[in-house]
Amino acid sequence: MALRNIVKINSESESVLYKKTRIVEKFDAKLKQLAEDMIETMHAANGVGLAAPQVGLLKRMFVMNVDVEEGDLVVINPEISEMEGESIAYEGCLSYPQMFGKVKRPFKLKLKYHDLNGEVREIEAEGLKARCICHETDHLYGIMFTEKLIGNLVHESQLAEDEEHSKG
Ligand code: NI
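Counting in numbering that gives the first Met the number 0, the sequence shown runs from 0 upward without gaps.
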């Protein structure tokens, strides 16, 4: 396994963050290696999610970990449906260090995706997990959370300790 560089805004390589990704069609050893690297990189950066463009690749996939019991999840070619309710909370991004902003996301959703073997899977998610799925799926279409802000960006030092704030 190897750590990958996380592409940051205002860096030379930031343009990859604003591009649409391509559907993944080859479920091979190279893809598994990439997923392992992304998981390691996400944990090293204390994130709950990481999308392929954030490591410079226009592949439609992300990794996430918001649930201790479930552990790491690799999501390929995601399709979100049946969104319900709404939730407004602070979120941040590993490509946008130390800044957080409030974003409205559905409280609940259904997600259909491919796993690393190319099998179709379907899950339901709510709360933080649904938020993370939306944030990471946005990355796959070149959309940063800052395009959806309610109010201003705030530095993490200004957030109350008990304020929920995830970054992905
Ligand atoms: Ni992000």
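Glycine included, every Cβ here is placed at the ideal spot set by N, Cα and C.
Asked: Please list, in chain order, all residues of the same chain as P96 whose beta carbon is under 8 Å from its beta carbon, the five residues on each side excluded.; Found: K7
Asked: What is the DSSP secondary structure of R130, counted as helix, strand or coil?; Found: helix
Asked: Give the straight-line distance between the Cα atoms of S156 and D27, rounded to the nearest whole angstrom.; Found: 42 Å
Asked: Quick one: is L57 buried, meaning 16 or more other Cβ sit within 10 Å of its Cβ, or exposed?; Found: exposed
Asked: Using a threshold of 7 Å, is the CB atom of H176 nearer than that to any non-hydrogen atom of the ligand NI?; Found: Because the chain spans 0 through 167 in this model, residue 176 falls outside it and cannot be assessed.
Asked: Could you give the residue range of the alpha helix (DSSP H) that holds M41?; Found: A28 to A43
Asked: Of the residues F99, A51 and A159, which one's Cα is nearest the Cα of V15?; Found: A51
Asked: Just curious, the beta strand (DSSP E) that K107 is in, first and last residue?; Found: K107 to H113
Asked: Taking its Cβ as the centre, do 16 or more other Cβ atoms sit within 10 Å of I132, making it buried, or is it exposed?; Found: buried
Asked: Is it right to say D137 is buried, meaning 16 or more other beta carbons lie within 10 angstroms of its own, or is it exposed?; Found: buried
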